[in-house]
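In terms of numbering that gives the first Met the number 0, the sequence shown opens at residue 0 and continues consecutively.
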Amino acid sequence: MSWVRNLLYPFLGRLVSIIVLFFIGSCAVIKPPSGGPKDTTPPFLVYAEPPSGTLQYKGVQIRLEFSEYMDESSIKKGIRVFPNVEGEISINTHGTNLTVDFPDNLEEDQTYVINLSRNIKDEHGVEMAEAIFLAYSTGDKIDNGSISGVVWGDGPMSVHLWRIIQQDSLENIFQTMPNYFTDVSNKGGYNFQFLSAGNYLLLALDRSAAGLALDTRRMKYGLFWQKIIALDQDQSITDVNVITKKEQPQLRLQRGEWNGNNWGRIIFSRSLNYLNDNYSVILTYDDGTIESPVSFHDPEDPNALILIRSDKSPISNKIRIKIENIFIDNDVFLDSASVSVVVPQDDENYIDLTEPKKAVTITPTAHKDTVYLELKFSEPIPHWGLEYELYKSDTISVNEKIVYINPMWVNILPHNNWEPRINYTLNIFASDSLKNMGGTLLDSVITVNIKTTDYQGYGGLYIPIKGKLDSGIGAVLYSIENPEQKNISFVNSQARLEFNQIREGKYTLTLFSDRNNDKTYTTGTAKPLTPAEWFYVMPDTIEVRTNWDIELPSLNIQELY
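As structure tokens, this is what we get:
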């Protein structure tokens, strides 16, 4: 049988080698990780032991269990204890469990509140859906007062709460540590629990600044419409609602720039949308000569003015720009400001269309203000500098109406208005006169494609108002489909809010008291400390339909207030 062994052994040896190599190769193959959809479910607290509400608390370890494995670093940053405790609070995390150990020097008859903030995340980086309060009393009673409401603002928000002992010492209150603070949920809600009776002051601000001093220069914030919130024993006060926004900075001339030979811009610290026309601008050159340029709003930057020299002759290397008597809304004032700019020696800029940068959809109107196609350019152009050709369905020439807003902004529409459901093409060329002056488009022809929809429909909305406040009542109708679209109305002599010729669509309605008569809602100021104006957001969506005038049931302002 030796011949069998001599025949099989080499074969079996080669077979084993192949199997081993196959196994090794299989182990070396990199495979994609298994798994399903990304976990986006917020973690939640399953239970606490001892439970929230425990009396005669002696400092025993508090054990919390969550629904998910938790991120340890977020736990240590996200747990807050009110009032502050002298000594170290030990916090440890293991999987889904968390333990909190207080020091031995807790005060007698004191309620300690643990705030689990929304900064707490699970191992997948998903944060808590809402903040949670847990209360433990070293005495026989836990205070059960609460203050809750909704915060309206862009981005994540938090709420600070101070317990006020002396109301005449509030000048710098927002620079001090709040007694309590909590985070706002994704739906805008917040709820301070386990509060004792007393007077409170509330501030909503950016969540990134939770627990920090208020910096009005960089933070959005808002106040309640009552300076002091008086909370009785175990009382629950709801609808302490706040709208936040960022304060406009002081008006300052920040910088200037000069482009080519004959134009430049100056940039300010805030919007110039309501700038009065009685300001003056003077250009001073190196040789001492002066000139008053033409000036107008920058169509791309609301904080900037465009300046154009009337004299096209060459100028010096530097220009001193001085502007005087700047009023915005007769309220904000800058006496004078100046800036020096360097004049570039070569002007090799090409004229470009800065807006629109892509195809445009226009909803034409049959019985209302005409909808223009807005064209904005990268530099000033004489009104004779460009030529326009408008076509529909690619080949049919259309006579256009041109409105020159300023040398960088032109509005265009067909003489007979836009037709619904049509494709238009607008071609823009540099005129021969502009070419002879050295003006050149970035492209030889700039093309804008336009598509129109069905005609825009309009309807009306009317709301009878009952009751009176000390100030006028206004209302803002916000479009849900287009948040930038809003309509404002004030209660008229017939005690009604009237919205006429409103675009068809769905809206929300906010009522407010115009205490300072500035025709807009004021969110309050930190310095001087001034409460916000009262407001009320109607909970239901309002639908405006074409050719319908809707009258809502009357609203009693005093009942809402």
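For each residue, glycine too, the CB sits at the ideal point set by N, CA and C.
Any heavy atom of the ligand ADP closer than 8 Å to the Cβ of residue i?
i	result
residue 559	This structure lacks the ligand ADP, and indeed carries no ligand of any kind.
I need the straight-line Cα distance from residue i to residue j, nearest angstrom please.
i	j	result
residue 21	residue 117	Low per-residue confidence applies at residue 21: pLDDT is 40, beneath 50, and the placement is therefore not dependable enough to give any value.
residue 410	residue 384	15 Å
residue 202	residue 168	16 Å
residue 555	residue 71	51 Å
residue 363	residue 457	12 Å
residue 249	residue 335	14 Å
residue 450	residue 365	16 Å
residue 153	residue 504	23 Å
residue 472	residue 483	22 Å
residue 140	residue 127	29 Å
residue 489	residue 238	23 Å
residue 427	residue 493	51 Å
residue 275	residue 295	12 Å
residue 515	residue 467	16 Å
residue 175	residue 86	21 Å
residue 75	residue 91	8 Å
residue 40	residue 88	29 Å
residue 54	residue 234	20 Å
residue 108	residue 52	14 Å
residue 444	residue 539	50 Å
residue 104	residue 49	19 Å
residue 217	residue 170	20 Å
Take the Cβ of residue i as the centre, count every other Cβ of all protein chains shown within 10 Å, and call the residue buried at 16 or more, exposed below.
i	result
residue 369	exposed
residue 567	Nothing about residue 567 can be reported from this structure: the residues present for the chain run from 0 to 560 only.
residue 192	buried
residue 406	buried
residue 77	buried
residue 30	Confidence at residue 30 is low in this model, with a pLDDT of 38, below 50, so the placement of that residue should be treated as unreliable; the coordinate-derived value is given next. Result: exposed.
residue 553	exposed
residue 560	exposed
residue 255	buried
residue 429	buried
residue 502	buried
residue 212	exposed
residue 316	exposed
residue 403	exposed
residue 561	No information on residue 561 is available, as it lies outside the stretch 0 to 560 that the chain covers here.
residue 320	buried
residue 28	Below a pLDDT of 50, predicted positions are generally treated as unreliable, and residue 28, at 35, falls in that range; no measurement from the model is reported.
residue 408	buried
Do residue i and residue j have their CB atoms nearer than 9 Å?
i	j	result
residue 399	residue 414	yes
residue 186	residue 220	no
residue 137	residue 110	yes
residue 66	residue 45	yes
residue 512	residue 151	no
residue 121	residue 158	no
residue 507	residue 462	no
residue 318	residue 257	yes
residue 208	residue 232	no
residue 226	residue 530	yes
residue 532	residue 522	yes
residue 391	residue 418	yes
residue 350	residue 439	yes
residue 535	residue 519	no
residue 460	residue 551	yes
residue 491	residue 476	no
residue 420	residue 452	yes
residue 260	residue 359	no
residue 164	residue 42	no
residue 247	residue 331	yes
Could you give the C-beta distance for residue i and residue j, rounded to a whole number, given that I count them as a contact under 8 Å?
i	j	result
residue 299	residue 356	Wrong, their Cβ atoms sit about 12 Å apart, outside the cutoff.
residue 161	residue 172	6 Å
residue 230	residue 199	6 Å
residue 292	residue 268	About 21 Å separates the two Cβ atoms, so there is no contact after all.
residue 125	residue 38	6 Å
residue 305	residue 278	Rounded, the Cβ-Cβ distance is 14 Å, inconsistent with contact.
residue 425	residue 387	6 Å
residue 271	residue 302	6 Å
residue 378	residue 348	6 Å
Subject >> Cβ contact check for the stretch 131-141 and the stretch 96-115: 3 or more pairs under 8 Å >> reply: yes
Original post:
Does the stretch 236-245 come close enough to the stretch 281-295 to have 3 or more Cβ pairs within less than 8 Å?
Top reply: no
Original post:
Counting Cβ pairs closer than 8 Å, one from the stretch 259-276 and one from the stretch 338-348, do we hit at least three?
Top reply: yes
Original post:
For the 8 Å Cβ check, are there 3 or more pairs between the stretch 48-61 and the stretch 92-106?
Top reply: Contact between the stretch 48-61 and the stretch 92-106 is present: three or more C-beta pairs spanning the two stretches fall below 8 Å.
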